[in-house]
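*Asks:* Residue 236 in our numbering sits at position 141 of the sequence shown, with consecutive numbering throughout. Every residue gets a Cβ at the ideal spot worked out from N, C-alpha and C, and that includes glycine. Since the model is a prediction, treat every value here as computed from it, not as a measurement.
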Amino acid sequence: MLGSHFNRVQENRISNLNNFKLGPVGFLCLTEDKVPGNAGVKDVVLALRWVRDNIVAFKGNPASVVIAGQSFGAAMVEALTLSPMAHGLYHGVILQSGTVLAPWSFNYDAKQRAMALAKMIGDDEESTTLQNANIVDLVDKSNKLDMSYFPFGICEDRSLRNEERLLFEAPIDLLTGRKVNEVPIMMGYNTDEAYVFASALNDPKVMEKISKDISVLLPVELKFINEKEMNQVAQQIEDVYFKKDRSLPSFLAYHRARATTVFDMAKVNKSSQLLAPYMAFQERTRKLKSYNHHKQRHVLHQPHLPQRSSPRLILQSSRILLPVLLLRRRWSMSAEYKDFVCEVRVKVEGGWVCGVTRQSTSGVEYDSFRGIPYARQPLGELRFKELQPVEPWPHHLDATKEGPICTQTDEIYGLQFQPHQGMSESCIYANIHVPRKSPAEQHEADQHEAGLPILVFIHGGGFQSGSSNLDMHGPDYLISRGIIVITFNYRLNVFGFLSLNTSEIPGNNGLRDQVTFLRWLQRNAKAFGGNPEDVTLSGHSAGSTSAHLLSLSPATKGLFRRVILMSGTAFPSYYSPSPIYARLVATMFLTRLGINTTDPVAIHKQLVTIPIERIVEANRVVQYETGIVTFVPVVEAKHPGVTRIIEDDPEELVKRGRGKEYPLIIGYTTTECEVFKWRLDYIKMLDRIEKNPLLILPPNLIFSVPPTEGLELARRVRMRYFHGKPTLDEYIILCTDEIFKHAVYKLAQWRSESGAPVFLYEFSYETEFNVLAKALFLDEYKGATHGEDLSLVFRSTALLREKGALLPTDNRMKDKMITFFTNFMKCDDPTCSKDITTSPWPPVFNSHVLNYQVINNPGEYHNRGPTHEQWDMIKFFDSLESSVNTSKMESNPTMEENDIRYPH
96 MLGSHFNRVQ ENRISNLNNF KLGPVGFLCL TEDKVPGNAG VKDVVLALRW
146 VRDNIVAFKG NPASVVIAGQ SFGAAMVEAL TLSPMAHGLY HGVILQSGTV
196 LAPWSFNYDA KQRAMALAKM IGDDEESTTL QNANIVDLVD KSNKLDMSYF
246 PFGICEDRSL RNEERLLFEA PIDLLTGRKV NEVPIMMGYN TDEAYVFASA
296 LNDPKVMEKI SKDISVLLPV ELKFINEKEM NQVAQQIEDV YFKKDRSLPS
346 FLAYHRARAT TVFDMAKVNK SSQLLAPYMA FQERTRKLKS YNHHKQRHVL
396 HQPHLPQRSS PRLILQSSRI LLPVLLLRRR WSMSAEYKDF VCEVRVKVEG
446 GWVCGVTRQS TSGVEYDSFR GIPYARQPLG ELRFKELQPV EPWPHHLDAT
496 KEGPICTQTD EIYGLQFQPH QGMSESCIYA NIHVPRKSPA EQHEADQHEA
546 GLPILVFIHG GGFQSGSSNL DMHGPDYLIS RGIIVITFNY RLNVFGFLSL
596 NTSEIPGNNG LRDQVTFLRW LQRNAKAFGG NPEDVTLSGH SAGSTSAHLL
646 SLSPATKGLF RRVILMSGTA FPSYYSPSPI YARLVATMFL TRLGINTTDP
696 VAIHKQLVTI PIERIVEANR VVQYETGIVT FVPVVEAKHP GVTRIIEDDP
746 EELVKRGRGK EYPLIIGYTT TECEVFKWRL DYIKMLDRIE KNPLLILPPN
796 LIFSVPPTEG LELARRVRMR YFHGKPTLDE YIILCTDEIF KHAVYKLAQW
846 RSESGAPVFL YEFSYETEFN VLAKALFLDE YKGATHGEDL SLVFRSTALL
896 REKGALLPTD NRMKDKMITF FTNFMKCDDP TCSKDITTSP WPPVFNSHVL
946 NYQVINNPGE YHNRGPTHEQ WDMIKFFDSL ESSVNTSKME SNPTMEENDI
996 RYPH
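(1) Under 8 angstroms, do I553 and G625 count as touching if we go by C-beta distance?
(2) Have a look at M920, P468, V727 and V459 and flag the residue whose alpha-carbon is nearest the alpha-carbon of V630.
(3) Between the Cα of G168 and those of S200, V151, R147 and A142, spot the shortest distance and give me the residue it belongs to.
(4) Thinking C-alpha only, which one of Q559, S563 and H568 is nearest L593?
(5) Rounded to whole angstroms, what's the CA-CA distance from E848 to N946? Just pull it up for me.
(6) Per DSSP, what are the beta-bridge partners of C768 in this structure?
(7) To the nearest angstrom, how far is it from the Cα of G475 to the Cα of V151?
(8) Check R678 in the structure and name its three-state DSSP category.
(9) What are the boundary residues of the alpha helix (DSSP H) that includes E628?
(10) Counting only runs of 3+ residues fully inside the stretch 196–236, write out the beta strand (DSSP E) ranges in chain order.
(11) In terms of residues, what are the limits of the beta strand (DSSP E) holding G187?
(12) Over what stretch of residues does the beta strand (DSSP E) that includes F583 continue unbroken?
(13) For R835 and Q609, what's the separation of their Cα atoms in angstroms?
(14) Buried or exposed: Q948, going by 16 or more other Cβ atoms within 10 Å of its Cβ?
(15) Taking the continuous beta strand (DSSP E) assigned at Y856, which residues delimit it?
(16) Less than 8 angstroms between the CB atoms is what I'm expecting for I581 and V551, so what's the real figure, rounded?
(17) Report the three-state DSSP secondary structure of L410 (helix, strand or coil).
(18) Enumerate, from N- to C-terminal direction, the unbroken alpha helix (DSSP H) stretches of 4 or more residues contained entirely within the stretch 551–621.
(19) Smallest Cα separation from W488: which of G605, K750, G446 and I189?
(20) Going by C-alpha distance, which of Y203, L212, V172 and Q207 is nearest P279?
(21) What is the residue span of the beta strand (DSSP E) that E258 lies within?
(22) Can you tell me the Cβ-Cβ gap for N114 and C124, rounded? I've got them flagged as a contact below 8 angstroms.
(23) L442 lies in the beta strand (DSSP E); which residues open and close that run?
(24) State yes or no: is the C-beta of P935 nearer than 7 angstroms to some heavy atom of the ligand SAM?
(25) Please classify R423: does DSSP put it in a helix, a strand, or coil?
(26) Check this for me: beta carbons of S757 and V658, under 8 angstroms apart or not?
(27) Can you confirm whether the stretch 606–621 touches the stretch 641–648 when touching is taken to mean that 3 or more C-beta pairs between the two stretches lie within less than 8 angstroms?
(28) According to DSSP, which residues form a beta bridge with W447?
(29) Distance check for G135 and N227, CA to CA, integer angstroms please.
(30) Out of K206, L781 and P953, which has the shortest C-alpha to C-alpha gap to G248?
(31) Check Q965 in the structure and name its three-state DSSP category.
(32) Which residues in the same chain as T704 place their Cβ atom closer than 7 angstroms to its Cβ, once the five residues preceding and following it in sequence are excluded?
(33) Using the rule of at least 16 other Cβ atoms within 10 Å of the residue's Cβ for burial, across every protein chain shown, is A900 buried or exposed?
(34) Would you tell me roughly how many angstroms separate the C-alpha atoms of N202 and L269, rounded to the nearest one?
(35) Per DSSP, what kind of secondary structure is Y947 in: helix, strand or coil?
(36) Classify R144 as buried or exposed, calling it buried when 16 or more other Cβ atoms lie within 10 Å of its own Cβ.
Have a look at this one:
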């Protein structure tokens, strides 16, 4: 990425240059949905994602990408280092003569600039004016705006629901807050950068404006201080640079100093690796000249290289290129399978993996292995196939960083979701964290133990989004209790759950991925010091549904010993396992892609060749139209060569006693759906219900009765939960009861009737630091919401940062939750008798008692049965289900696409 295009090719580096939208088209920024801002930079993100997904075809390494830019291009590149959008898309950065802190690169007053342009073009509402403006007129008027430097630049994105945001804060705040992607950075400037503005400053009008008001030269971030302080700073600038006169040389001298100051400011970024000292160059062919050394802050400036020179000649003439070439070699080595010194290593069936020793927030050391491939990546013809065995790697595999997350459109997690390695179809990775033992403990373990107990956690996300990464699932809390903590990715949305009910695309690939990992773990657990016969399977939300489904499947026999379910069951309360539903959403998706054939072989052939961008966009549209949960687990037919996971409706399987051999913890929070309130408002859920009253019912009823009978059931629900015109607050109560609470109680009832051990809890503690509310910018929420119990079991690293601690009360509750779970893992009882610090938590006695543990305050726990209101709710939904007649969807020809649009 250095010197000319010729030099890059000569040095065996692939060069990729891309265009992006410019001027008002690329950088106009409004609060409206149509003009969110930073379109030009988002074009670059799109190009980087294309490189990630396609550069292999050009013999490039997608895990060794260096991005570089000059002037405003450098400012754009630095903006990418501050954005979650670009996590994992690059591995090194070069900034030449530009930074996002420069006065010409970032617009604090973006809204005012857009309004000024709209006023020049027309008098009506600005977004409509700018959207309808002629492109020639738009550009021409932009160039006539009376603005310092460039008319439009990078801005702070608005908080929009349907588009990714580039920058959540101003760059200076992101830098000082250490919210930076951690990659090596090389940056520098030339001695007389300011001369690029000489022609502009020579304009008599510009000189006159500056002469009249020196404050126009103030750095834009200082223009928001009070007027008195601003005048003082302006006077200081005048005293230093314009005491003698206000001539062009004086202005250039000021701008030259301002440029170097900006680079000093950029060095507040301690999160990135800054390499070698500042160097500046008067000309690219002149002798190197040392300038402005900062020995404590190592930054390197690379001069423009001659257009056609061999690397050897450059090395002979310029001693600065040697560290540059070494730096480039360092970056390019980052993802190659080379032998190197491991801090800690284990050998799995694919080969050696090298991890790193980390320290939890409580000071406990553990060995962390991230990004271990557990199967062959599902690319090309394997896109919708069952995973194949992993291909061995010949050298040590670097397992110090997480792999990419699976391709998705996130509608749930917001800021809590910060993938550092980007998104890709190549996402089949596991993260394994192993507590370290002292030499004495290790010796005793070798003599007596079969290995450490293992917790395998399946992440949630409505089967559409989410990941196993530490941004949401940090192991710190559990690792201190001697537990091996494992998370892993599995295919999501259309990639994981599209079903044509054929051997080519059978559905449930996401669940099959989970089974594939559990089988891999059985073969490799001992390598990490784990006991393959002591595996606890757990999950949250859709991950909890997955865990429950796996416990009902013959395919998982012997793969785990007990189960912990948090806010989710296999019962179809928020998704439909009906093959009819699967066929309907598949038709919506295929139609969106323009695939009209019904031949499954032809469909599969097209789907594996369609560019991933088109598939992702079609998935996003269908996901919006159905709410959130779109492609989901489905009851499968038998297909040759395909592992069958679900052979019947999950409720029928539980009734038959499936899964009763596993001890089980299951729980819910008191106001689960409160956290989805913004999403329900955004998709206009209440309006959808008015248009289609069936949407008020759970999917298992929608797809079990004819619409006429369904309308009667919907009327009964409406009478119970709504008082007149429905409100969101009323719908939140219905959503929590219908989707979460009733399903949990029903599972506890059925298991207790069969004699299967089940421990039930209600989590009503309201955390002082609500992770999802913080991630989604929710100012007001009521009760203990979806995920609050999870945040006290797994650490939300993205929001708490590397060393951030929980608030004291939250910390005490966290300790108690971890005690419940680890006790259960070690003795099949959340309150082992030897644990005197925790009050007893008995299993559910029988279906008529339904006793549960109330978790509402650190140190205050009691076991009780449902309240009168809770029993009333249980009986109400039981009565709805019992009133369903024997008509099934297979005999109902009136169901249309509009009947399946429900949001959860």
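*Replies:* The relevant details are as follows:
(1) Against the sequence shown, residue 553 aligns to sequence position 458. Against the sequence shown, residue 625 aligns to sequence position 530. Going by C-beta atoms, I553 is not nearer than 8 angstroms to G625.
(2) By 1-based counting over the sequence shown, the position of residue 630 is 535. The residue with the shortest Cα to Cα distance from V630 is M920.
(3) Stepping through the sequence shown from its first residue, residue 168 is reached at position 73. The shortest Cα separation from G168 among S200, V151, R147 and A142 belongs to S200.
(4) Working through the sequence shown from its first residue, we reach residue 593 at position 498. It is Q559 whose Cα lies nearest to the Cα of L593.
(5) Walking along the sequence shown from the start, residue 848 turns up at place 753. Walking along the sequence shown from the start, residue 946 turns up at place 851. Looking at the two C-alpha atoms, the distance is approximately 13 angstroms.
(6) Residue 768 sits at position 673 when you count from the first residue of the sequence shown. Answer is none; C768 lacks a bridge partner.
(7) The residue given as residue 475 occupies position 380 in the sequence shown. The residue given as residue 151 occupies position 56 in the sequence shown. Rounded to whole angstroms, G475 to V151 spans 13 angstroms at the Cα level.
(8) The residue you call residue 678 lines up with position 583 of the sequence shown. Three-state DSSP puts R678 in a helix.
(9) Locating residue 628 in the sequence shown gives position 533, counting from the first residue. Unbroken run through E628 is the beta strand (DSSP E), G625 to H635; no alpha helix (DSSP H).
(10) none
(11) Position 92 of the sequence shown holds residue 187. Looking at the DSSP string, the run of the beta strand (DSSP E) that includes G187 is G187 to Q191.
(12) One-based indexing of the sequence shown puts residue 583 at position 488. Counting along the chain, the beta strand (DSSP E) containing F583 begins and ends at I579 to F583.
(13) Stepping through the sequence shown from its first residue, residue 835 is reached at position 740. Stepping through the sequence shown from its first residue, residue 609 is reached at position 514. For the record, residue 835 in the displayed sequence is Phe; it is not Arg. Looking at the two C-alpha atoms, the distance is approximately 23 angstroms.
(14) Taking the first residue of the sequence shown as 1, we reach residue 948 at position 853. Looking at its Cβ environment, which holds 16 or more other Cβ atoms inside 10 Å, Q948 is buried.
(15) Residue mapping note: residue 856 aligns to position 761 of the sequence shown, counting from 1. Y856 -> beta strand (DSSP E) spans V853 to F858.
(16) For the purposes of this step, residue 581 is taken as the residue at position 486 of the sequence shown. For the purposes of this step, residue 551 is taken as the residue at position 456 of the sequence shown. Right, the Cβ-Cβ distance comes to about 5 angstroms (below 8 angstroms), so this counts as a contact.
(17) As a working mapping, residue 410 is identified with position 315 in the sequence shown. Any reading at L410 must be qualified, since the residue scores a pLDDT of 29, below 50, and its modelled position is unreliable; the value itself is stated next. In the structure shown, L410 sits in a helix (DSSP, three-state: H, G or I).
(18) 571–574, 588–592 and 604–619
(19) Translated into the one-based positions of the sequence shown, residue 488 becomes position 393. For the residues G605, K750, G446 and I189, the minimum Cα distance to W488 belongs to G446.
(20) In the sequence shown, residue 279 corresponds to position 184, counting from 1. Looking at the Cα atoms, V172 is the closest of the given residues.
(21) Position 163 of the sequence shown, counted from the first residue, corresponds to residue 258. No beta strand (DSSP E) holds E258; DSSP gives it neither H nor E.
(22) Locating residue 114 in the sequence shown gives position 19, counting from the first residue. Locating residue 124 in the sequence shown gives position 29, counting from the first residue. So it is not a contact: roughly 20 angstroms between Cβ atoms.
(23) Along the sequence shown, read from residue 1 onward, the residue named residue 442 stands at position 347. Correcting the residue identity first, residue 442 is Lys in this sequence and not Leu. Start and end: V439 to V443.
(24) This structure lacks the ligand SAM, and indeed carries no ligand of any kind.
(25) One-based indexing of the sequence shown puts residue 423 at position 328. Bear in mind that the predicted position of R423 carries a pLDDT of just 35, short of 50, making it too unreliable to give a figure here.
(26) Position 662 of the sequence shown holds residue 757. Position 563 of the sequence shown holds residue 658. The sequence given here has Tyr at residue 757, not Ser. Yes, these two residues count as a Cβ contact at 8 angstroms.
(27) yes
(28) As a working note, residue 447 is residue 352 in the sequence shown. According to DSSP, W447 bridges with K442.
(29) One-based indexing of the sequence shown puts residue 227 at position 132. One-based indexing of the sequence shown puts residue 135 at position 40. Answer to the nearest angstrom: the Cα atoms are 19 angstroms apart.
(30) The sequence position of residue 248 within the sequence shown is 153, counting from 1. Answer by Cα proximity: K206.
(31) Residue mapping note: residue 965 aligns to position 870 of the sequence shown, counting from 1. DSSP places Q965 in helix when its eight states are reduced to three.
(32) As a first step, residue 704 must be located in the sequence shown, where it is residue number 609. None.
(33) The residue given as residue 900 occupies position 805 in the sequence shown. Flag for A900 reads exposed.
(34) Numbered from 1 along the sequence shown, position 107 holds the residue referred to as residue 202. Numbered from 1 along the sequence shown, position 174 holds the residue referred to as residue 269. Between N202 and L269, the C-alpha separation is close to 15 angstroms.
(35) Counted from its first residue, the sequence shown places residue 947 at position 852. Correct three-state label for Y947: strand.
(36) In the sequence shown, counting from the first residue as 1, residue 144 sits at position 49. So R144 counts as buried.
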